[in-house]
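Heads up, the thing below is written out as structure tokens.
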Amino acid sequence: MRLPCPLCGDRDRREFYYQGHAVMLERPLRDAGANAWDDYLHNRDNPAGETRDLWHHEAGCGAWIVVTRNTVTHEVLGAILAENAKKTGAQA
Amino acid sequence: MVKLIAKSPCAGLLPKTIGTVTLTEIDAGRMTLVAPFAGQKKSVSDALKSSIGVGFPAPNRTSGTTPRAVWCGRGQALIIGADCPDLEGAACVDHSDAWAIVQIDGADATALLARLTPIDLRASTFKRGHTARTLIGHMTGGITRLGVQSFEVMVMRSMAATLMHDLTQAAQNIAARADVGD
Amino acid sequence: MRIAGRGFNRSARAVTFTFDGQSYTGRAGDTLAAALLANDVRHVARSFKYHRPRGVLTAGSEEPNALVTVGVGPKQDPNIRATTLEIYDGLAARSQNAWPSLKHDAMAINDLLSPFLSAGFYYKTFMWPKSFWEKLYEPVIRHAAGLGALSGETNQDTYEKAFAHCDVLIIGAGPAGIMAALTAARAGADVILADEGTAFGGRLLCETYDVNGRAGEEWAAQQLARLSDMENVRIMTRTTVTGAYDQGTFAALETVGSRNPHAPKECFWRIVAKRSILCAGALERPIAFPNNDRPGIMLASAVRSYLNRFGVAPGEAVTIFANNDDAHRTALDLIDAGVTVACVIDSRTDAVALGDYRLVAGGQVIATKGRHGLTSITVRDANGTHDIQTDCLAMSGGWNPTVHLTCHMNARPTWSDDILSFVPTDGSIPNMLVAGAARGVFSTLGCLADGIAVAQDTIRELGLTAPQIDTPTAEDSAYRIEPLWQVDGKGRKWLDFQNDVHVKDIALAVQENFRSVEHMKRYTTQGMATDQGKNSNVVALAVLADATGRGIPETGTTTFRPPYVPVAIAAMGAGSQGHGFAPERHTTSHKATLDRGAPMMEAGLWYRPSYFPKPHETTWLEACNREVAMVRNHVGICDVSTLGKIDIAGPDAAAFLDFVYCNTFSTLKENRVRYGLMLREDGHVMDDGTTARLGANHYVMTTTTAAAGQVMKHLDWVSQALRPDLDVRVASVTEQWAQFAVAGPKARDLLNSVLDRPIDDENWPFMSCGSVDIAGVQGRLFRISFSGEHAYEIAVPSRYGASLFRLLTAQAEAMDGGPYGMEALNVLRIEKGFITHGEIHGRVTASDIGFGRMVSQKKDCIGNAMSQRPGLLDPEREQLVGLKPVEITGKLTAGAHLFVDGADAVSENDQGYVTSVCYSPTLGHDLAQAFLKDGPNRHGDHILLVDHLRDVQTLCEVCHPVFFDPTGGLARG
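Quick note, the sequences are listed as chains A, B and C, same order.
My numbering puts the first residue of the first sequence at 85, with every later residue one more than the last.
My numbering puts the first residue of the second sequence at 6, with every later residue one more than the last.
My numbering puts the first residue of the third sequence at 106, with every later residue one more than the last.
Take a look at the structure:
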């Protein structure tokens, strides 16, 4: 498996650390309430198809990235820096 | 009067030659990790250019030779071989002692690294002056192409012995292949 | 039997080897199978389940029968296919799964009992009593059935792994692969051409075909030479591509050094290719007729391989049984070599002889004889049955394209009525095309042309210009075949030779309603293990289709899984043993520490000293007690460089720290240090450490040794993904600084003996920090303590670390002090009530460790919201306490659980658990840190420590976790 690091280009999967769904970018406010925090921390969809998830290019440039991929075909559709996804709301 | 004696990361381990490959420690001199603050990359690059003659490098690239700047991750570069000027717009962190740096020369230099790193080392894609942050064995580090058969590898200083182990093992395996008869 | 003047290696030197202890001579370039057949050794193995005598079936990596063991002791390597193993001088191979000998195998009794041992027998028979399965049945069955064995000793062979990258990977170097490589290479693409053979040419090496008017193998060698001269082509011989994975990644196994003890044995490649072309050819399949497994019965293509490539005739009077024209060429080649062809039996009634040999058209082989080797066959045709004396029967049920790799990403192949087999489905593997016999194009000319055409398509996909290449001239005969899967008759008709599955087993599976192909596979073991359906699959599917009344396309196939050939785990994990297992991080004091005889312990990837033994000390505890006393009374030196050090700078550095720590750092004064507690977002403690403010916008954070990487990743996460609005830069400086703790009442005196300017309490109070000079070298000094003593940590650039350690330890020894290790460090911190990851183990909150009030409610921070959940603040939670034995000699153990005295020591009554213990030489008894329900309100209570593993029960007094200097006066003084 290979992932397209927006800074380094296509790299082997072993350079990356996997975090989970990109919903982690949408951190609730401190007083958002127990349900919002429970959702944020614990509840995830398990889509058959496209998904966006977070990877850390740990053994590379150190960038956190949002990868869009298909869980059925394993196709990787793109990646952007998490920083940009957070700042602009862009989707990979 | 006491005196502290400096010791290099690979002291006692290098140089060595195995098969066609020679491993030499590089004493890079002064190294500073420079990370421009938000919106400051251009001004930092300009300040570097005017004071030491090398600009802030693009991702996966180096600039200059001596001194030189080596990109080393998201928003970071190492300024090597010169005192880093005072840069208002960047975090400047002394890294002069943080790295073990080894130069790998020889006909099998590429083959050697191909045993340790997953990146594409083909000369057509990884050219002289290109650099990559990647894995070297189980270690994270940097690889820079210095020439057709010449690379620079840097890993954390504390891992110097493991780097030597991994490079030596790979070089010995390659050298042993040359002895396979038919 | 060797045929003089025949074979690719006809003039090669002689090579001597042994099989089952007997010495034989072969030719360099022979496979073990070829060399054994040249020496008329036909019986080479015993089958998996029934221990039936078996011989060589194939001439390639798909061989199910002829598996041997090579080497002894740590170098013992089982299940090597004799059909791919190249012989070398000194090779010692032996047969497997037979005792006492290959010829007289006691377990052959299984074959006589076979009516009772059919598929599913184990499941039905060994059911009762349940406990017998693990203790009796399974060990007995495992002993009786199986392949070769490992020695049980550590493998001492060297393996390699490596990475390669290319534009086009071409898998297989037969006619299609060679033409595809030439086409792609001429277009300027970076090409890797991999083939599992020792030479390139595929079937051209085994047939008598001409290409462009030259002998096939000569033509192939010529093209190989041409390709080798091209800089953009990488030739990989003896390299089997074993798997196709995501994003153009392939695995490949290269056989390197069986002939050179110093070279790596195998290399496991990971090849990344923009495009790939599968030119893996086709495999001939057997016919299921009664007793079709005797030594001497082999595939027709294998007979031609041994004859044409190695100059070996596998028999003196050969018969051929087939349902297609292709197999007839076996007769022609044998006759040309002067070998007797006793008869060709062709199941097609309209078959015609292609040469001067006896043909039985519309005939079938219905029986065979010869226990250890074929002696005769019985043939039935329209005129009845008759016997034919023969010592070698070449069979061919047709050819199956080698579609395996195209199925590795979950695609299924498509049935083709034209060739009566499966062909790859388009688009099975992204960016892979298939050419030649692998997609059912069987003539040589067809393969050559297909290789060119498919490579041209590939080149265009890469955006390059496809060159025009002339197709060489070659034979273009049509593939004529009629269905023949099984033959009626008495006796077992073997399908899967490796797993001993025969036609009746499949019928039984169907009878018991295991009708789905995947169910049938599991019921019978058909196509399992290394075979992965290579030999047996299509015939077995045809038999299943017949038994269930479905067509083969509806029946479908089982899943071909990687690896295509067996791959040793040692190859995949090459190099990752011993010093290669994980990076070993050494501090700058590593050598000096070893010189002092200190045993090392691992902390994360770091190596740290347990203790520094003195000559008269016989136990670690003696050394530890001395070191503790040394620190408490004089001064000790400890290398603490392994703690993570992270430089944090930028206009928003203070705000960033306020967000990642639960307590506040924006209020910390410059040149001061503060203890910080970091939470996970779920409200539990992640890590702790001290952070120093070096300037208005500049901090240096320390982390625990073990969590340094995790914290760095976390800070990257927060700064990039959660708070990119904060302008802050984070960089590890762990490696830049060598840092040493100087602890004890004489710490300041010691420092003043080495610092260029002396320090005093007024300018360097507790929790201060700043710049200092040591012998002209600029360093950093932090007045912090992890022992409770008056203590400092001094840091210098790492190049001076070794020198400073020697200096500090020498000075300390002059003051009755010295270095101390992890054991003493641990005792010192337990005495003082400091925690480590033994306590903050991932399930505790700030409030559990007594730091609940550190979670500032004036600001948000990571973990703030969740840390306030009622469940995490419940006073009934287990919370940190100290324990000391009621009797001074009482023993405390880590991992023990706590119970109210008198209660049963069972989990329902569990009150808590012990995380850290030590013997305190300072206090003269054991101490522990523990987590106890409502602990802070139970100080003074008695609680029973129970350790079921070590059989310890000790009545303890619950107390405050700080045992030593509770007011902290020593560290401040």
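Virtual Cβ for every residue (Gly too), placed ideally from N, Cα, C.
No experiment lies behind these values; they were computed from the predicted model shown.
For residue i, count the other beta carbons within 10 Å of its own beta carbon; 16 or more makes it buried, fewer makes it exposed. Which is it?
| i | result |
| --- | --- |
| residue 164 of chain A | buried |
| residue 217 of chain C | exposed |
| residue 255 of chain C | exposed |
| residue 794 of chain C | buried |
| residue 824 of chain C | buried |
| residue 347 of chain C | buried |
| residue 14 of chain B | buried |
| residue 1071 of chain C | exposed |
For residue i, which beta-bridge partners are listed by DSSP?
| i | result |
| --- | --- |
| residue 451 of chain C | C/427, C/466 |
| residue 189 of chain C | Bridge partners of residue 189 of chain C: none, in fact. |
| residue 707 of chain C | C/712 |
Can you check whether the C-beta of residue i is within less than 8 Å of a C-beta belonging to chain B?
| i | result |
| --- | --- |
| residue 1000 of chain C | no |
| residue 143 of chain A | yes |
| residue 136 of chain A | no |
| residue 104 of chain C | Here chain C has residues from 106 to 1078 only, and residue 104 of chain C is not among them. |
| residue 147 of chain A | yes |
| residue 99 of chain A | yes |
| residue 91 of chain A | yes |
| residue 129 of chain A | no |
Report yes if the C-beta of residue i is less than 7 Å from at least one heavy atom of the ligand COA; otherwise report no.
| i | result |
| --- | --- |
| residue 331 of chain C | Summarising the ligand content, the structure contains no ligands, and the ligand COA is consequently not present. |
Does residue i have its Cβ less than 8 Å from a Cβ in chain A?
| i | result |
| --- | --- |
| residue 172 of chain B | no |
| residue 145 of chain B | yes |
| residue 970 of chain C | yes |
| residue 377 of chain C | yes |
| residue 79 of chain B | yes |
| residue 808 of chain C | no |
How many whole angstroms separate the CB atoms of residue i and residue j, which I take to be in contact at a CB cut-off of 8 Å?
| i | j | result |
| --- | --- | --- |
| residue 1015 of chain C | residue 982 of chain C | Incorrect: roughly 13 Å between the Cβ atoms, too far for contact. |
| residue 985 of chain C | residue 1034 of chain C | 7 Å |
| residue 584 of chain C | residue 547 of chain C | 5 Å |
Residue i to residue j, Cα distance in whole Å?
| i | j | result |
| --- | --- | --- |
| residue 672 of chain C | residue 157 of chain A | 26 Å |
| residue 749 of chain C | residue 83 of chain B | 20 Å |
| residue 843 of chain C | residue 827 of chain C | 32 Å |
| residue 152 of chain C | residue 632 of chain C | 15 Å |
| residue 716 of chain C | residue 103 of chain B | 27 Å |
| residue 1061 of chain C | residue 1000 of chain C | 15 Å |
| residue 1037 of chain C | residue 944 of chain C | 12 Å |
| residue 109 of chain A | residue 770 of chain C | 25 Å |
| residue 174 of chain C | residue 140 of chain B | 37 Å |
| residue 714 of chain C | residue 932 of chain C | 14 Å |
| residue 908 of chain C | residue 87 of chain B | 25 Å |
| residue 888 of chain C | residue 879 of chain C | 16 Å |
| residue 727 of chain C | residue 806 of chain C | 35 Å |
| residue 628 of chain C | residue 516 of chain C | 23 Å |
| residue 51 of chain B | residue 702 of chain C | 53 Å |
| residue 163 of chain B | residue 864 of chain C | 31 Å |
| residue 187 of chain B | residue 370 of chain C | For residue 187 of chain B, the predicted model reports a pLDDT of 43, less than 50, meaning its position is unreliable and no value from the coordinates is stated. |
| residue 157 of chain C | residue 213 of chain C | 6 Å |
| residue 377 of chain C | residue 97 of chain A | 12 Å |
| residue 767 of chain C | residue 736 of chain C | 32 Å |
| residue 59 of chain B | residue 139 of chain A | 33 Å |
| residue 859 of chain C | residue 800 of chain C | 26 Å |
| residue 154 of chain A | residue 68 of chain B | 38 Å |
Between residue i and chain C, is any beta-carbon pair separated by less than 8 Å?
| i | result |
| --- | --- |
| residue 38 of chain B | yes |
| residue 109 of chain A | yes |
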